[in-house]
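S.K.: Residue numbers (my numbering), protein chains in the order written: chain V, 1 to 224; chain E, 1 to 422; chain G, 1 to 211; chain Y, 1 to 332. Every residue gets a Cβ at the ideal spot worked out from N, C-alpha and C, and that includes glycine.
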Amino acid sequence: MRRELPLAIAFIAGVIFFIAYFIPHPPFNRFENWFSDWFAIVAAFAIWLGALNLMKISFIKVIRKKSDWLHALLIIISFVIIVVIGFYEGYRGLHANPPFSFRDPGTAFDWLYVNVYSTLSATMFALLAFFVASASYRAFRARNLEATLLLLAAFFVMLGRVPIGDVITGWLPRAYQMSQWASWIMNVLNTAGQRAIMIGIALGLVSTSLRIILGLERSYIGGD
Amino acid sequence: MKYNSVVTARFAAGWGCLLLFLLVSLFSMPVLAQEEPVTVDTESLLVVPDSLPLEYYPLPPSNVRMKDVPNDAGGSLLIEWDLSLDDYEGGKVKEYRILRGEAAEGPFEELGSTARGTASFTDNQAKRGIKLFYKIAALNYEKTNGEFLWKASSESDVAGPAVSTAQWFNLSRLNIFIGIIILCGAIIYFITAAKRGKSFYIRKIAGIEEVENAVGRATEMGRSIYYIPGISDMDDVQTLASLTILGHVSAIAAENDTRIDVPVSKSMVMVTAREVVKEAYSKVGRPDSFQEDQVRYITDDQFGYAAAVDGLFVREKPATIFLIGAFFAESLIVAETGNSIGAIQISGTAMPAQLPFFITACDYTLIGEELFAASAYLSREPKLLGSLKGQDLGKAVFLLAILIGVILESFGVPVHELFSVR
Amino acid sequence: MGFWDVFGIWLASALTIGIISFLYRDNIFYKACEAIFIGTSAGYWFIILYWDNLYRKFWTQATDPTNPEWYVPWFGFVLGVLILTRLFNKIGWLSRWPLAFIVGAVAGLYMMIYFVSNAMVQVSSTIMPVFTGSWVDIIANTTVVLGTFCGLVYFFFSKAHTGVFGGAARVGIWFLMITFGASFGYTVMSRMSLMIGRIDFLFGTWLGMIR
Amino acid sequence: MRARELIVSGLIILFFLACYFFSPKPMEFSRSTSVLIIFLLAAAFVYVFIRTFRGRFIGRRVVFIFVGVALVLPFFMKFPLPLQISPEVQSVYDALEKLPPHSKILASFDYDPPSAPELQPMAVAFMKYAFEHDLKIIIMGLWPQGPQQADQAIQAAFIENPDLKQKTKYGVDYVNLGFQSGYEFVILQMGQSFKSMFPADLYNTPYDSIPLLKNVSNFSNVDFSMNFSAGKPGTAEWVQIAVDRFQLPLAAGNTAVQAPMIYPYLKKGSKGKKQLIGLLGGMAGGAEFEKLTKKPAKATTYLLSQSFAHVAVVIFIIIGNVAFFREKKGKK
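#1: Please return the same chain residues whose Cβ sits closer than 7 Å to the Cβ of Tyr297(E), not counting the five positions on each side in sequence.
#2: Roughly how many angstroms lie between the CA atoms of Glu409(E) and Ala194(E), to the nearest whole one?
#3: For Glu36(E), which residues of its own chain have a beta-carbon under 6 Å away from its beta-carbon, when the five flanking residues on both sides are left out?
#4: Going by the beta-carbon positions, is the gap between Leu403(E) and Val153(G) smaller than 8 Å?
#5: If I follow the unbroken alpha helix (DSSP H) through Glu212(E), where does it start and stop?
#6: Just curious, the beta strand (DSSP E) that Glu142(E) is in, first and last residue?
#7: Can you give the Cα-Cα distance for Pro24(Y) and Gly18(G), rounded to whole angstroms?
#8: Less than 8 Å between CB atoms is the rule here; does Pro98(G) satisfy it with respect to chain E?
#9: Tell me which residues of the segment 253-270 of chain Y have at least one Cβ-Cβ distance to chain V shorter than 8 Å, keeping chain order.
#10: Where do the N-terminal and C-terminal ends of the alpha helix (DSSP H) with Asp200(G) fall, by residue?
#11: Work out the CA separation of Thr122(E) and Ser103(Y) for me, nearest whole Å.
#12: Taking the beta carbon of Pro87(Y) as the centre, do at least 16 other beta carbons fall within 10 Å, making it buried, or is it exposed?
#13: Three or more C-beta pairs under 8 Å: does that hold for the segment 285-296 of chain Y against the segment 74-93 of chain Y?
#14: Could you confirm whether any beta carbon from chain G is found closer than 8 Å to the beta carbon of Asp37(V)?
#15: Can you tell me whether Ser117(G) is buried or exposed? The criterion is at least 16 other CB atoms within 10 Å of its CB, across all chains shown.
#16: Check the Cβ-Cβ distances between Val225(V) and every residue of chain E, and say whether any is below 8 Å.
#17: Excluding five sequence neighbours on each side, which residues of the same chain lie with their C-beta closer than 6 Å to the C-beta of Phe246(Y)?
#18: In terms of residue numbering, what span does the beta strand (DSSP E) encompassing Thr320(E) cover?
#19: Contact criterion: CB-CB distance below 8 Å. Does Thr122(E) meet it with respect to chain Y?
#20: So for Val34(Y), helix, strand or coil by DSSP?
#21: Three or more beta-carbon pairs under 8 Å between the segment 176-188 of chain V and the segment 364-371 of chain E, yes or no?
#22: Below 7 Å on C-beta distance, what does Gly181(G) contact in chain C?
#23: Going by C-alpha to C-alpha distance, which of Phe58(G), Thr142(G) and Val121(G) sits closest to Pro129(G)?
#24: Apply the 10 Å Cβ neighbour rule to Gly215(V) and answer buried if 16 or more other Cβ atoms are within range, or exposed otherwise.
#25: If you draw a straight line from the alpha carbon of Thr42(E) to that of His25(V), how long is it in whole angstroms?
#26: So with Cβ pairs under 8 Å, would you call Asn29(V) a contact of chain E?
#27: Please look up how many angstroms separate the CB atoms of Ser227(G) and Lys204(E), rounded, as I've assumed it's under 8 Å.
#28: Which complete beta strand (DSSP E) runs does the segment 172-254 of chain E hold, if anything under 3 residues is left out?
#29: Looking at the unbroken alpha helix (DSSP H) that takes in Val62(V), where does it start and where does it end?
#30: Do you know offhand how far Leu393(E)'s Cα is from Glu109(E)'s?
#31: In terms of residues, what are the limits of the alpha helix (DSSP H) holding Ala153(V)?
#32: With a cut-off of 8 Å, do at least 3 Cβ pairs link the segment 183-192 of chain G to the segment 274-286 of chain Y?
#33: I'd like to know whether the C-beta atoms of Tyr16(G) and Arg170(G) end up nearer to each other than 8 Å.
#34: Along the segment 125-136 of chain V, where does the CB come closer than 9 Å to a CB of chain E? Name the residues.
#35: Measuring CB atoms only, is the segment 88-98 of chain E touching the segment 182-200 of chain E, in the sense that at least three cross pairs come out at less than 8 Å?
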């Protein structure tokens with residue numbers, strides 16, 4: 001019951017949605033849209049698990065005064081603040097006249113979103129600009145022909161995509177300046193490489209999906 | 001793996017329902033063929049309201065005909081008509097209005113309008129299975145800044161009844177259906193063949209061949225080996241492939257009596273990795289030299305994990321580092337530190353965005369599918385070997401198609417139609 | 001600019017500098033900002049999914065009598081509740097049913113979507129008449145066809161890379177390397193743009209030093 | 001160690017407060033100071049080259065300082081940049097030029113603030129162009145923050161061109177249908193009917209009472225569509241479903257890291273039909289589009305910093321590799 005039923009469910013769901021691609025006749029044409037609603041609703045429930053788990057771990061750290069309990073306390077406080085404001089603004093927005101969305105500019109939720117959440121996530125990713133530069137200097141070596149080709153392509157694309165590339169190759173006729181090299185690399189060489197990779201990934205995904213449907217791939221169910 | 005009956009039952013069920021479905025769609029083919037043509041052609045009446053003089057009125061369009069749009073869920077009809085004779089540059093026709101009613105004389109509602117010179121409109125609100133009647137009105141009008149000065153329209157005769165039907169099989173996707181059936185059939189065939197013990201050839205993969213000398217280097221220098229299985233959890237296929245390779249590397253490390261450390265970022269991965277390494281040690285006859293803390297959990301946080309691993313590299317100075325699995329933006333932080341302490345690095349991932357960093361920073365890299373091919377090669381598991389062979393067959397078909405297709409295309413044979421999507 | 005706007009800009013600037021301080025070393029400011037980030041992002045998605053998925057997609061459609069398909073969201077609701085059983089380890093195994101349904105359905109769907117758009121369409125657009133158009137087109141088209149062909153040969157595992165086949169694989173890996181080089185270049189470009197966006201905020205919006 | 005950490009953080013805070021209170025607003029270097037700065041930067045790079053050539057690598061944090069300087073200082077410099085228009089950007093502009101007034105454009109915003117620096121400038125330029133040429137915009141988003149970014153782009157367009165504000169009316173000239181979750185299934189359902197996916201707009205006004213959407217039922221009633229995307233769901237999904245299945249004319253703006261994966265869709269297929277009309281790639285794509293619409297704005301100013309940063313990374317790669325080859329030759 002614990003292992004056979006889920007595999008059967010996965011098999012039936014997989015076959016139905018596989019066939020639904022080929023049958024326009026209702027109700028099959030509605031399956032993909034129904035599934036998008038179910039997927040969205042289940043995702044909304046699943047995040048309750050994630051959030052509750054995060055809160056549980058953080059609470060344990062705070063109560064047992066673990067080494068980084070302050071860090072955990074800050075996680076709890078910021079989580080509670082944005083959730084409380086989110087619910088408050090949401091309900092206020094629904095019952096206001098004219099109703100507004102909790103995400104509208106001017107609501108407290110939007111203020112938290114712009115000034116805290118998006119600032120932090122943008123800066124977190126922006127850090128990588130520095131790490132890429134230091135890795136370029138200390139680790140990226142033309143150690144063999146393949147790595148040399150890679151660095152050359154990167155060289156021409158990076159310089160070609162900014163005006164400085166054309167300043168350097170200003171002495172060439174317009175059609176042969178570096179920005180045209182970069183466009184040619186992108187439109188021809190990159191297209192060919194990307195296609196080979198996309199076809200490879202597509203075939204890989206078909207075989208993984210088939211194994212999931214036929215119940216050969218069981219890792220997602222975990223232990224008994 | 002025990003050859004259990006449930007799996008074969010499922011194979012039979014899967015194939016059975018697909019064949020059944022194929023038969024149903026084949027038999028339904030003739031039924032669809034005879035679509036009754038719907039054309040009505042009678043002399044049209046000029047409707048003359050009292051106020052406007054006759055010559056304002058354009059001649060109406062004629063020969064209105066409808067066709068059910070094939071391969072859809074019903075609910076859409078293609079309406080076509082011959083242009084009104086007054087439809088030319090500067091002519092009297094400015095627009096056409098499409099009107100629909102549920103009875104020949106019944107109330108007509110306006111569906112939409114098309115610009116002068118167009119002779120077709122798709123009505124995709126035609127409820128399935130209901131008889132519908134259409135007529136097209138040619139419209140002449142004068143407008144100043146959005147307001148109508150006057151309007152004169154003359155309608156074509158009523159055409160109908162037309163019914164939109166839904167088809168059980170989308171014929172335009174037949175080529176895709178055949179393609180996916182061949183591919184899935186090949187994968188299933190190779191998996192069952194591999195289960196029955198048939199051995200398959202997999203070409204040499206550079207990264208895996210190097211494992212021996214990389215571990216050998218660590219043994220000579222008397223330093224440890226670090227194995228980083230990526231930061232994804234057990235639901236990522238790349239992590240599963242990485243753990244297979246970990247088993248292989250641990251076995252060689254145990255033979256050479258060199259310590260292998262596996263810091264991980266997900267607790268479930270730690271549990272599985274411990275099993276894999278312990279089993280590798282016992283397989284080589286060294287169960288006692290395995291210590292639990294060789295495989296330990298660091299943190300779930302991406303950058304926290306990268307910073308912690310960097311610290312370990314700088315302190316322990318391992319001779320050989322493996323970075324195999326699913327990596328994200330932290331990949332270059334770890335690879336850079338590994339490079340700066342002069343270790344030999346073998347990496348492998350299927351994340352396209354991280355491959356450039358691994359290729360330039362590491363000595364050997366398993367590129368995309370090579371990661372999965374390596375785990376199939378090492379584990380000899382039927383489902384992995386069978387999938388790999390099935391995918392190779394798919395690639396072979398595509399390679400042949402491209403080769404032959406390009407040649408034939410140069411002579412004008414539209415081979416690409418075979419693969420195109422409508 | 002009301003008080004809250006000014007305070008917002010100052011807070012955002014403090015958080016930005018806190019995160020950037022990680023470049024110097026891992027310090028308490030960075031740890032505080034990281035904690036706020038973990039808490040806020042978990043809470044943010046918790047709220048977004050509540051209002052957009054649970055309320056707007058489930059509740060409004062499920063309780064709307066005029067909606068002919070009002071029963072559809074209820075099945076999603078049942079799946080969701082079953083997922084929550086994972087919280088209690090006694091009946092935790094129940095959560096495997098919705099998980100199996102989602103994983104199975106996604107497998108069935110993605111198999112088709114990827115097979116069509118990543119494989120069939122790409123192969124169909126690679127099969128093209130090569131000797132038409134200007135000589136620039138001819139070179140471009142032959143290179144694309146050759147590159148895709150050899151790239152695929154490299155990822156072919158059932159034959160050793162020796163002889164002509166080995167040659168094609170070698171050319172294939174060259175094309176792949178150039179593709180990785182291009183995406184390396186673009187990755188650098190996008191990370192730099194992100195940092196430029198932060199600098200525009202710090203020196204522009206906050207300090208007002210940029211016009 | 002504690003003391004050094006406090007001193008450094010004290011210095012950082014002092015630096016920013018000094019800038020806040022004492023620096024000229026806005027600060028601009030004269031032409032000569034700009035040239036002097038470039039000369040100093042070049043000298044610093046030569047010093048690094050010599051040092052590395054002798055085998056003594058500079059530390060990770062020194063590299064960070066170089067990158068920081070290369071990113072910040074160009075903001076205050078003024079340099080005319082010879083910007084070449086790439087074919088994929090030109091084809092987006094040409095496609096927009098061919099649209100007659102009052103044509104309806106579906107603009108889907110699938111990105112979030114972290115990718116705003118690359119996509120917001122081109123979104124603002126697109127809104128300005130559309131309103132000036134009397135094109136109607138139907139906004140929606142597959143990412144929760146997308147529609148907000150669209151709103152910010154419209155407000156920025158109004159600020160830069162005030163009389164646009166009077167001319168354009170919400171509901172008649174543009175409408176914002178807001179975010180809908182469900183990834184690519186949203187596109188699929190829009191193929192059949194927009195209304196079923198967006199029963200009401202962002203401000204809960206019902207679909208049918210919006211004048212702009214009177215006879216817009218699905219993709220066949222839209223003349224053009226523009227997709228701004230930073231990942232998944234994004235341009236790839238729009239091509240796979242909206243273009244492949246519903247033949248929607250589509251152009252796109254992508255972040256730089258996403259662009260390489262989208263280029264294959266630009267190539268003419270066998271039927272001579274391109275899946276994607278054109279592509280604005282990263283900030284450079286935005287700057288080229290701004291140049292085409294003759295309104296240089298944010299993207300153009302960012303591009304100078306981008307250029308300096310790229311040159312810095314390229315020089316670091318060269319220095320690293322020269323030292324690597326010298327070391328390898330030494331070992332042999």
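M.R.: Once the coordinates are examined:
#1: Counting from one through the second sequence, the residue named residue 297(E) turns up at place 297. A distance below 7 Å between beta-carbons, with the five flanking residues on each side excluded, links Tyr297(E) to the following residues of its chain, in chain order: Val264, Ser267 and Met270.
#2: As a working note, residue 409(E) is residue 409 in the second sequence. As a working note, residue 194(E) is residue 194 in the second sequence. So the two alpha carbons sit approximately 38 Å from each other.
#3: Taking the second sequence and counting its residues from 1, one reaches residue 36(E) at position 36. Confidence in Glu36(E) is poor, its pLDDT being 38 and thus under 50, which makes the residue's placement unreliable; the coordinate value appears in the next sentence. None.
#4: Within the second sequence, numbered from 1, the residue matching residue 403(E) stands at position 403. Within the third sequence, numbered from 1, the residue matching residue 153(G) stands at position 153. No.
#5: Along the second sequence, one-based indexing puts residue 212(E) at 212. Start and end: Val211 to Met221.
#6: In the second sequence, counting from the first residue as 1, residue 142(E) sits at position 142. It spans Leu132 to Thr144 - the beta strand (DSSP E) in which Glu142(E) sits, taken as one unbroken run.
#7: In the fourth sequence, the residue the question calls residue 24(Y) occupies position 24. In the third sequence, the residue the question calls residue 18(G) occupies position 18. Approximately 25 Å between the Cα atoms of the pair.
#8: Reading the third sequence from its first residue, position 98 is the one you call residue 98(G). With 8 Å as the cut-off, Pro98(G) does not count as an interface residue toward chain E.
#9: Flagged, chain order: Ala256, Ala259, Pro260, Met261, Tyr263, Pro264, Leu266 and Lys267.
#10: Position 200 of the third sequence, counting from 1, holds the residue named residue 200(G). No alpha helix (DSSP H) holds Asp200(G); DSSP gives it neither H nor E.
#11: Residue numbering aside, residue 103(Y) sits at position 103 when the fourth sequence is read from its first letter. Residue numbering aside, residue 122(E) sits at position 122 when the second sequence is read from its first letter. One C-alpha to the other measures close to 19 Å.
#12: For the purposes of this step, residue 87(Y) is taken as residue 87 along the fourth sequence, with counting starting at 1. Exposed, because fewer than 16 other Cβ atoms sit within 10 Å of the Cβ of Pro87(Y).
#13: With the cut-off at 8 Å, the segment 285-296 of chain Y and the segment 74-93 of chain Y touch.
#14: The count along the first sequence starts at 1 and reaches residue 37(V) at position 37. Chain G contact via Cβ: present.
#15: On the third sequence, residue 117(G) is found 117 positions in, with the first residue counted as 1. Answer is buried; the Cβ neighbour count reaches 16.
#16: No answer is possible for residue 225(V): it lies beyond the span of chain V, which begins at 1 and ends at 224.
#17: Along the fourth sequence, one-based indexing puts residue 246(Y) at 246. Same-chain partners within the cutoff: Gly191 and Phe219.
#18: Indexing the second sequence from 1 puts residue 320(E) at position 320. Taken as a continuous stretch (DSSP letters only), the beta strand (DSSP E) holding Thr320(E) covers Thr320 to Ala326.
#19: Position 122 of the second sequence, counted from the start, is the residue given in the question as residue 122(E). Interface residue (Cβ-Cβ distance to chain Y less than 8 Å): Thr122(E) is classified as such.
#20: Reading the fourth sequence from its first residue, position 34 is the one you call residue 34(Y). The question names Val, yet the displayed sequence has Ser at residue 34(Y). Of the three classes helix, strand and coil, the one that applies to Ser34(Y) here is helix, per DSSP.
#21: Judged by Cβ distances under 8 Å, the segment 176-188 of chain V makes no contact with the segment 364-371 of chain E, as fewer than three pairs qualify.
#22: Although the question refers to chain C, the structure presented lacks it and instead comprises the protein chains V, E, G and Y.
#23: In the third sequence, the residue the question calls residue 129(G) occupies position 129. That would be Thr142(G), whose Cα lies nearest to the Cα of Pro129(G).
#24: Here residue 215(V) refers to the residue found at position 215 when the first sequence is read from its first residue. The C-beta of Gly215(V) has 16 or more other C-beta atoms within 10 Å across all chains shown, which makes the residue buried.
#25: Counted from its first residue, the second sequence places residue 42(E) at position 42. Counted from its first residue, the first sequence places residue 25(V) at position 25. With a pLDDT of 35 at Thr42(E), under the threshold of 50, the modelled position of that residue is not reliable, and the figure given next carries that caveat. Thr42(E) and His25(V) have their alpha carbons spaced roughly 35 Å apart.
#26: The residue given as residue 29(V) occupies position 29 in the first sequence. Interface criterion met: the Cβ of Asn29(V) is under 8 Å from a Cβ in chain E.
#27: No answer is possible for residue 227(G): the residues shown for chain G start at 1 and end at 211.
#28: The qualifying runs are 225-230.
#29: Position 62 of the first sequence, counting from 1, holds the residue named residue 62(V). Per DSSP, Val62(V) is one residue of the alpha helix (DSSP H) stretching across Phe28 to Ile63.
#30: Within the second sequence, numbered from 1, the residue matching residue 393(E) stands at position 393. Within the second sequence, numbered from 1, the residue matching residue 109(E) stands at position 109. Leu393(E) and Glu109(E) have their C-alpha atoms spaced approximately 55 Å apart.
#31: Indexing the first sequence from 1 puts residue 153(V) at position 153. That run of the alpha helix (DSSP H) goes Leu145 to Gly160.
#32: Contact holds: three or more Cβ-Cβ distances are below 8 Å.
#33: In the third sequence, the residue the question calls residue 16(G) occupies position 16. In the third sequence, the residue the question calls residue 170(G) occupies position 170. Looking at the sequence itself, residue 16(G) is Thr, so the reference to Tyr does not match. Remark: C-beta atoms of Thr16(G) and Arg170(G) do not approach each other more closely than 8 Å.
#34: Residues of the segment 125-136 of chain V whose Cβ lies closer than 9 Å to any Cβ of chain E, in chain order: Phe125, Leu127, Leu128, Phe131, Val132, Ser134, Ala135 and Ser136.
#35: Too few Cβ pairs lie closer than 8 Å, so no.
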